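One structure is given below, encoded as structure tokens.
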Amino acid sequence: MDATHTMFCNNDLVNPLSSMGMQVSCILVVSHFFNVVLRTVGQPGPIAQILAGLVLGPMSHIKHIKETFFPASSINYYEVVSFFCRIHFMFLFGLEMNFHYIIRNLRMVSLVACGGAIMGGVFGLSISFYLYKPMKTLDNAPLYYFCMIIMLVVSYTSSPMVIRLTAELRFAASNVGRIAVSSALITEMGCLLFFNVMVNWKRKNHIPAGLGCITITTLVVFINRYLAVWLNARNQNQKYLKAPELLLILFLLLSSSMIIEIWGYNSIISCFIIGLFFPKEGKTARTLLHKLGYSIYNFVLPVYFGYLGLQCDLINIFKDWGRAGNTAILILLSIGSKLGGTLIVCRYLQIPTSEGIFLGFILNTRGYADLLFFGAASKQIIVKAYNVLLVSVVLNTIISGIIVAFLARGEEKMFANNHTAIEPQQMEDELRILACVYDPRQVSAILATVLAIHGSKTSASTTYLIHLIELVKKIKSNLLYHEKENEDLSDDEDYGGNDVVEINNALDAFTTDTKILVHQRRAVSTFPSLYEDVCNEAEDLQVSVILIPFHKHQRIDGKLESGKEGIRITNQKVLRHAPCSVGVIVERGLARVPGFSQLVSSDNIHNVATLFFGGPDDREAIAWSLRISGSPRINLTIIRFLLTSSSSNEQIESGESEDKEILMSLSGEETVNEIDNTFMVDFYNRYVTSGQIGYVEKFVRDGAQTVESLKEIGDMYSLFIVGKGGRGQSSLTIGMSDWEECPELGTVGDVLASSDFDIHGSVLIVQQHRDAKKGLLHD
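This is the structure we're talking about:
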């Protein structure tokens, strides 16, 4: 009370803490208002936040307001706060970065990054000679230093801005979005490295100091690897790390950053590298992503973008036509160089021109590092030009951001998911999987299937697991879900409770054993609308496969027992509305078979059978099987069911049937599907003749004989893969639907999943995604 009275009743109103708090509050309130208004016209949050800063900017130059809220004594405090914020969000970006994608596409993203940056550097160097005289302040200002600063300003790309734009406009998972984010980070790290060398080049002992920075960063990376393993092993029943454990990691980050800054180098690169190589598995990384992500994305970055616009003095710029002209030159030069360089590289890489234009504009956004360039330069040569450069950077970012938003709305095909099914993909293409679980007992079967579909260790795949939680009507408090999630309390039984801890532990053990990283998601909703979360998540992540568990679970006696009816309804709606292919897992020994969930360490060979009756779903099932066959512990056999004819009967009885030929059976009831036969002939020639995959043909007269054949092989395989349907009325399955219990599984899948059908292998029912616009609807 006394401290409050002293602050507001004496002359201490302008202390740095209170003035900074008021600035942050104003930026958050005004930026939220702009965000609400501009979102109606499709503009992302960062643009609204910068515009909010621009609106508040002129007010900050009024004499009384400037003395009250922007005292000169507070500048050092602002720099300290910005330093803390900067190291944390760069660490978070490194932690979230898909390093494997950059490694797989290093040539492409490096060329895209260098294209705009190099052309920007060339253009910046050429125009710097023209801008040198009107912008320099000191007579002895070195020309080379000025040229370097202009080159950096024109070449630089802000990775925080690009990351937020891709997230706000919902194309972060698209190929264009990932190229943009990766290229932005490469450009930013390159410009910052060049800036560090330029600033410290003439300092004494700059080489030992630089080597010391590298040593400190490497040391922290190694400490974090062992520290994360130790923290993950502590308190297995905890959902997140405790506050002291989290502060220990952040203390290491802060200490190393301060040492690097004291030695005269910028710590942004170090923080990003520490985050990039931080272990991604376990509750340590989960806690960092959870705790840092919410605060940074909701508070730090909005203030960061708003403060960028707050520092601009537009009135002073437009009072002087010379300064306004120089600002316009810098903006046009920056846009032209980035756009031109990116288009040239995209033409070379055979990237479509529309994507090249989009990449050129999004890589033209600027951010916080520009203030570092200006700050270092203003101390030596360009004090007078500080505002010109700052206004050009802010206006350039606003213009590029608005264009990116309109292009994103107009070019939806650019961000569309082109891999909504596995069948048309090549084996080397990246496979994205979204696995769904409702409770911990479904995790083992889901993860075993993920491991199998992942195939060989060298195959590219990205796996997401979403925990689907029913939102019950009885709520113990009025807190929102994300607010409850941020509390270290134990009153969240209605939102997962102990299930969350069990699922986390299972995922951690899976990642440790298989080295397959699973990205976690969570959806909390009522059962009638839970499918929307799954479909929206699949669309945003642009996955090719959705895995959902069957609503029945296996009892100790082997029988299947029904679970919640809401799970079945959700599964049916996912099958109906999914934007990609869907697989339903019926666990009948999949996770219980010794070694199946430990394919990496086990020497057991597991037999998997794919049943082919014809149709797009069965072709998709074979495509899934090809991925599974890449595992060295899987022995895959394709079993094709064909309709018995008189000639084939004679061949079978006389033993003249040869497995090396693909037979075409004709009947009076149906004509052979040419697509299926063409597909199977190609598959046979590519995989069966080489001995990679086994192939068997079974001739049956009707559905009853098909059921008998399935019973004969019921004990021979650990997993059965079959298409849901899509084959129309087939004599092969006539009569099998008489005891239909779960029609959402298809005719054959329903039989295999029936409690009355005694088999010892689990079942994976596959439904291929078909474009409704083409009239190919799910049956």
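For the sequence shown, the UniProt record's numbering assigns the number 779 to the last residue and increments by one with no breaks. C-beta atoms are modelled at their ideal positions from N, C-alpha and C, and glycine is treated no differently. Please read these numbers as outputs of a predicted model, since none were measured by experiment.
- With a cutoff of 8 Å on beta-carbon distance, residue 588 and residue 450 are scored as not near each other.
- Scanning the region 134-196 for uninterrupted beta strand (DSSP E) segments of 3 residues or longer gives nothing; none is fully contained.
- For residue 346, the closest alpha carbon among the candidates 317, 505, 108, 501 is that of 108.
- Taking C-alpha positions only, residue 192 is separated from residue 271 by approximately 12 Å.
- Cβ contact annotation for residue 331 (same chain, cutoff 8 Å, sequence separation greater than five): 392, 395, 396, 399, in chain order.
- If only complete runs of 4 or more residues are kept, the region 416-456 shows the alpha helix (DSSP H) at 443-454, in order along the chain.
- The continuous alpha helix (DSSP H) containing residue 705 extends over residues 703-712.
- Cβ contact annotation for residue 168 (same chain, cutoff 8 Å, sequence separation greater than five): 44, 45, 46, in chain order.
- Residue 467: member of the beta strand (DSSP E) spanning 461-470, first to last residue.
- When the beta-carbon positions are compared, residue 502 and residue 523 stay at least 8 Å from each other.
- If you draw a straight line from the Cα of residue 713 to the Cα of residue 706, it is about 11 Å long.
- By the 16-neighbour rule on beta-carbons within 10 angstroms, residue 280 is buried.
- For residue 123, the secondary structure class from DSSP, reduced to helix, strand or coil, is helix.
- Comparing alpha carbon positions, the residue from 316, 204, 232, 761 closest to residue 559 is 761.
- The bridge partners DSSP lists for residue 583 are 547, 766.
- In the three-state scheme derived from DSSP, where H, G and I count as helix and E and B as strand, residue 640 is classed as strand.
- Boundaries of the alpha helix (DSSP H) harbouring residue 284: 282-295, taken from the DSSP string.
- With respect to the C-alpha of residue 632, the residue from 133, 454, 119, 360 having the closest C-alpha is 454.
- Three or more pairs of CB atoms, one per stretch, sit closer than 8 Å, so the region 430-449 contacts the region 542-549.
- Only residues of its own chain outside the window of five on either side were considered, and among them 470, 527 have a CB closer than 7 Å to the CB of residue 566, listed in chain order.
- Runs of the alpha helix (DSSP H) lying entirely within the region 202-265 and spanning at least 4 residues, in chain order: 206-233, 243-262.
- Taking a C-beta distance under 8 Å as the contact criterion, residue 463 and residue 506 do not qualify as a contact pair.
- Residue 637 and residue 225 have their C-alpha atoms roughly 42 Å apart.
- A residue is called buried once 16 or more other Cβ atoms fall within 10 Å of its Cβ, and residue 750 is buried on that count.
- Annotation for residue 520: the continuous beta strand (DSSP E) segment containing it runs 518-525.
- In the three-state reduction of the DSSP assignment, residue 337 falls in the helix class.
- Cβ contact annotation for residue 291 (same chain, cutoff 7 Å, sequence separation greater than five): 246, in chain order.
- In the three-state reduction of the DSSP assignment, residue 41 falls in the coil class, being assigned neither a helical nor a strand state.
- In the DSSP secondary-structure assignment, residue 561 is bridged to 553.
- Ranked by Cα distance from residue 124, the options 389, 230, 264 are led by 389.
- Looking at the DSSP output, residue 694 sits in a beta bridge with 637.
- Residue burial annotation: residue 88 is buried, with at least 16 other C-beta atoms found within 10 angstroms of its C-beta.
- A straight-line Cα-Cα distance of about 10 Å links residue 694 and residue 610.
- In the three-state DSSP reduction, residue 721 falls in the strand class (E or B).
- Residue environment: residue 326 is assigned as buried (16 or more neighbouring CB atoms within 10 Å of its CB, all protein chains considered).
- Check the Cα spacing between residue 299 and each of 231, 82, 411: the tightest is with 82.
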